[in-house]
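Student: Quick note: the sequence shown uses this note's numbering, first residue 883, plus one each step.
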Amino acid sequence: MDVDLELPVEVEAPPQNRFQAVLILLMTLATLWGTVVSYLQSDASNREDLAARQGQVYAIEATGEMIRANQQAEHNFFLYTLHADLAQRASLDQDEARTQRVRGDEEAASRWEASAARWREAQARLDQLAPLLSDPRYEGSFVRFYEEVNRDAYLRYEQQVAANQMADGWGRKADNYVSVLTTLAVALFLFGLSLTIHNRLRYFFVLVGLLIVGFSLLWTGNIFLAPVPARPLEAMEAYVDGLIASNIGDSFSGDEAARHYAEAIAHFDRAIALDPDYAAAYYQRGLVRIEAPEAIADFERAIALGQDDGFAYGNLGWAYYLQGRYEEALEATRRAIQLDPLPCESRFNEGLILLALDRMDEAWPAYEEAIACALQKDPSDRDALLDVAIVDLEGLLAREGEVAGARAMITNLKEVEASLTLFGSPVFQETPAVLGPITFAAGVTDDDRPINPATQFPPGTQEVFAFFDYQDVPPDSPWLTRWSLDGERYLVATYTSWPWGESGNTWVSLSTPGGLPPGRYTLDIFINGRLLTSGEFEVISGAEVPLVRYESAELGVAVAYPPDWQVIEEPGEEGFLAFLKPDSQTLFVLTRFSFDPALGAEEAIAQAIEARRESLQEQYESVSLGEPGPYSLAGLPGQVITYQYLDGEEAMAGTTVAAADSVGNLYLVILEMRSDDYEADSEVLARMLESVALSAP
């Protein structure tokens, strides 16, 4: 039997089968890659949820810290005010003790001193209950205390913001991974579609699918490597330190404010060094140094980092304006209005910038919109907005000189304010009244004429009189005076009707017992809401403590004294006038006695000085007396004697002056202070002594 053996022959697979095998491998790899992306998406989503929950925890903690801080602040403020009340009670009792000692009643003086000691003991107990009073970090400043106790609340809020930003970052990653999975699904679809095609077109679909897979690889790598914002705790702590220093600085002025602002900038610098993408730190640093050119870069950087709200653009516009870059200021300000039309400040700024650009036809409508916006606010906010707008316009005139429309707008804003105050409406009422220019003076004669007219007054000036002519004023006209200090409202007085005749001249005045603060004052006078006359004067600054005048009709004397001193007047034949410095042993006592004119003034003075010497020697074991010398008191001849003595453990220094007139009035003045206070108080007492004026009682 024949067997036919054949060797096996290798049969080549058809091209279709090879294509399917390769495509299945690609689909498998793409599916595995999709699994990896799915894992990354799930991880990013989990991290987003974790960060969001952490943000919620910080939000709850921030709210709790804020409630705790406010409760602590309210409690400490209550104790602070109570402490001040106890201090006043102790001071009053101590002053009464000194008064009784001046009278020679040592027993009563001891009782009052014991009462003062009890008040001070109660103060000491309060100190242990209130960190505001006992902790030297706060320096007795409630603002500093409030900011410090809110530190944890501020920090928790920053941590909440940082956690939310982190959640947003992981959320964007998760969303991008979902987009990658979508593209991979498209690639798998193209791979599958190519299996159903038997011509060359299938290679095109495979190629497109490969390109999509390759793109997804690059895209996934870019997503994976993209950083998620994670703010260092140290950066947030530095930011909070800067915020607190800035807020404390806002409560001061001058050098003290500048010191706190410089501290705030240093903290913000550190926060930015630790986190160069800290938008809030750039923004707050810009606010602190908004008048510096560098503020522009701070606001621009904050906006670029995502803090692109109306406040950021509004402050950027103001920073541009302060640097004279008006076009850029207008662009930023209008962007602020687009983002947030509610704040009126940006609308007023728009009108101001348009005036600076000499675009008055656009400026007036902008101001009209700003005024309409301000009228929607409550009266205090409304008036503050109008006041700031006036100050800004005056600042523009000071910087640029005459600007078309600026003075007219200042008048318009002032008349809006006056009309709102007088009528509750921004529209003034017409009046035929005419007021003349204002003349300022230091005093007024009996026939209502100015004494020492001037436009500049010395430090400590207590009252300035403003004289002006008027005509054609209806008697039922409501009117208003507006006094401003350095451009800001100082005092507004309203009157329901004109108290003088139809025509003539009159005066109004501005006064304060402690002396008018130094600065430039403006007086505006309105009738029926119309601004009819204005004038300016200046009170120059000085280092001397201002003195106010006190007149005693009973004793027939007048004395100028520091306004924070206590005044005690005792009427009667043995009455006296005493001025006591708070929380010290410094006093000024003036007494008037009657003597027989036949005795003669010289003898009466000599007897008074000798009686004072004997009284001191009897009252104090250790007393050193000087020799009497001549002295003139308010033009009357007299004598003066100085002395020192020990009152317990207190070393005291004193002066007694006696003077007399020819009709039987003897005036005795006693000045005393602790020896340690001599340098601080002797000059004030000397000025008080020089100010004594006498009149017939």
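Where a beta carbon is used, it is the ideal one built from N, C-alpha and C, also for glycine.
From a predicted model like this one, the values you see are computed outputs, not experimental measurements.
Mind checking which residues open and close the beta strand (DSSP E) that includes residue 1519?
Tutor: Looking at the DSSP string, the run of the beta strand (DSSP E) that includes residue 1519 is 1518–1529.
Student: State the start and end residues of the unbroken alpha helix (DSSP H) segment that holds residue 1020.
Tutor: Premise fails: residue 1020 is in no alpha helix (DSSP H) and is neither H nor E.
Student: For residue 1042 versus residue 944, is the C-beta distance shorter than 9 Å?
Tutor: Yes.
Student: Closest Cβ-Cβ distance between residue 973 and chain C: below 9 Å?
Tutor: This model lacks chain C altogether; it includes just one protein chain.
Student: Could you check which residue in 1534, 924, 1164, 1182 has the C-alpha nearest to that of residue 1466?
Tutor: Considering only alpha carbons, the answer is 1534.
Student: Reducing DSSP to helix, strand and coil, say where residue 1334 ends up.
Tutor: Here residue 1334 sits in strand by DSSP.
Student: Given a cut-off of 9 Å, decide if residue 1350 and residue 1389 are closer than it, judged by their beta-carbon atoms.
Tutor: Cβ distance < 9 Å, so residue 1389 and residue 1350 count as in contact.
Student: Can you name the start and end residues of the alpha helix (DSSP H) that residue 830 belongs to?
Tutor: The structure shown does not extend to residue 830, since the chain is modelled only from 883 to 1579, so the question has no answer here.
Student: Write down the C-beta distance between residue 1421 and residue 1432 rounded to the nearest angstrom, noting that I regard them as a contact closer than 8 Å.
Tutor: The Cβ separation is near 21 Å, so there is no contact.
Student: Identify, in the order they occur along the chain, each residue of the same chain with its Cβ nearer than 8 Å to the Cβ of residue 893, setting aside the five sequence neighbours on each side.
Tutor: Here residue 893 scores only 49 on pLDDT, less than 50, and its place in the model is too uncertain to base an answer on.
Student: Going by DSSP, what residue range makes up the alpha helix (DSSP H) through residue 1200?
Tutor: First-last of the alpha helix (DSSP H) with residue 1200: 1192–1204.
Student: Let me check understanding here. Comparing Cα to Cα, which of 1296, 912, 1304, 1358 lies closest to residue 1585?
Tutor: Only positions 883 to 1579 of the chain appear in this structure, which leaves residue 1585 out of reach.
Student: For residue 1052, which option in 936, 1068, 1152, 931 has the closest C-alpha, if you only look at C-alpha atoms?
Tutor: When only C-alpha atoms are compared, the closest one is 931.
Student: What is the DSSP secondary structure of residue 1471, reduced to helix, strand or coil?
Tutor: Note: residue 1471 maps to strand in three-state DSSP.
Student: Under 8 Å, with one C-beta from each stretch per pair, do the region 949–965 and the region 1023–1041 reach the 3-pair mark?
Tutor: Cβ pair count under 8 Å is three or more, so yes.
Student: Could you have a look at residue 1556 and say whether DSSP puts it in helix, strand or coil?
Tutor: Three-state result, residue 1556: strand.
Student: Per DSSP, residue 1377 forms a beta bridge with which residues?
Tutor: Note: residue 1377 sits in a beta bridge opposite 1361.
Student: Please report the straight-line C-alpha distance between residue 1168 and residue 983, rounded to a whole angstrom.
Tutor: Distance between the alpha carbons of residue 1168 and residue 983: 60 Å.
Student: Please report the straight-line C-alpha distance between residue 1579 and residue 1312, rounded to a whole angstrom.
Tutor: Note on residue 1579: pLDDT 48, under 50, position unreliable in the model; the coordinate value appears next. Distance between the alpha carbons of residue 1579 and residue 1312: 52 Å.
Student: Tell me whether the region 965–985 and the region 1461–1475 touch, counting them as touching only if at least three CB pairs, one residue from each stretch, are closer than 8 Å.
Tutor: Judged by Cβ distances under 8 Å, the region 965–985 makes contact with the region 1461–1475, as three or more pairs qualify.
Student: Which class does residue 1249 belong to by DSSP, given the choice of helix, strand or coil?
Tutor: Helix, per DSSP.
Student: Can you tell me which of 1322, 1539, 1356, 1199 puts its alpha carbon nearest to the alpha carbon of residue 1337?
Tutor: For the residues 1322, 1539, 1356, 1199, the minimum Cα distance to residue 1337 belongs to 1322.
Student: May I ask you to verify whether the region 1360–1377 touches the region 1433–1447, counting CB pairs closer than 8 Å and requiring at least 3?
Tutor: With a cut-off of 8 Å, the region 1433–1447 and the region 1360–1377 do not count as touching, because too few Cβ pairs lie within range.
Student: Does DSSP put residue 1282 in a helix, in a strand, or in coil?
Tutor: Looking at residue 1282 - three-state DSSP - the assignment turns out to be helix.
Student: In the structure shown, what three-state DSSP assignment does residue 1097 receive?
Tutor: Three-state DSSP puts residue 1097 in a helix.
Student: In terms of alpha-carbon separation, which member of 1151, 1373, 1085, 992 lies closest to residue 1265?
Tutor: The candidate whose alpha carbon is nearest that of residue 1265 is 1373.
Student: Give the C-beta separation of residue 1320 and residue 1405 to the nearest angstrom, bearing in mind that I take them to be a contact with Cβ-Cβ under 8 Å.
Tutor: With 8 Å as the limit, residue 1320 and residue 1405 qualify as a contact, their Cβ atoms being about 6 Å apart.
Student: Bridge partners of residue 832, per DSSP?
Tutor: The structure shown does not extend to residue 832, since the chain is modelled only from 883 to 1579, so the question has no answer here.
Student: Under DSSP, the beta strand (DSSP E) around residue 1351 begins and ends at which residues?
Tutor: Unbroken beta strand (DSSP E) run through residue 1351: 1345–1353.
Student: Buried or exposed: where does residue 1568 fall if 16 or more other Cβ atoms within 10 Å of its Cβ makes it buried?
Tutor: The residue is exposed, with fewer than 16 neighbouring Cβ atoms inside 10 Å.
Student: By the three-class DSSP mapping on this structure, what secondary structure does residue 1240 have?
Tutor: Looking at residue 1240 - three-state DSSP - the assignment turns out to be coil, as it is neither helix nor strand.
Student: Start and end of the beta strand (DSSP E) containing residue 1311?
Tutor: Here residue 1311 belongs to no beta strand (DSSP E), and DSSP marks it neither H nor E.
Student: Here's the rule I'm using: 16 or more other beta-carbon atoms within 10 Å means buried, otherwise exposed. How should residue 928 be labelled?
Tutor: Residue 928 is exposed by the Cβ-count criterion.
Student: Using the Cα positions of residue 1560 and residue 1483, report the straight-line distance between them to the nearest angstrom.
Tutor: Each residue's Cα considered, the two are about 31 Å apart.
Student: For a test of the three-state rule: what should DSSP assign to residue 1477, helix, strand or coil?
Tutor: It is coil, neither helix nor strand.
Student: Measuring straight from C-alpha to C-alpha, what distance separates residue 1106 and residue 923?
Tutor: Approximately 10 Å between the Cα atoms of the pair.
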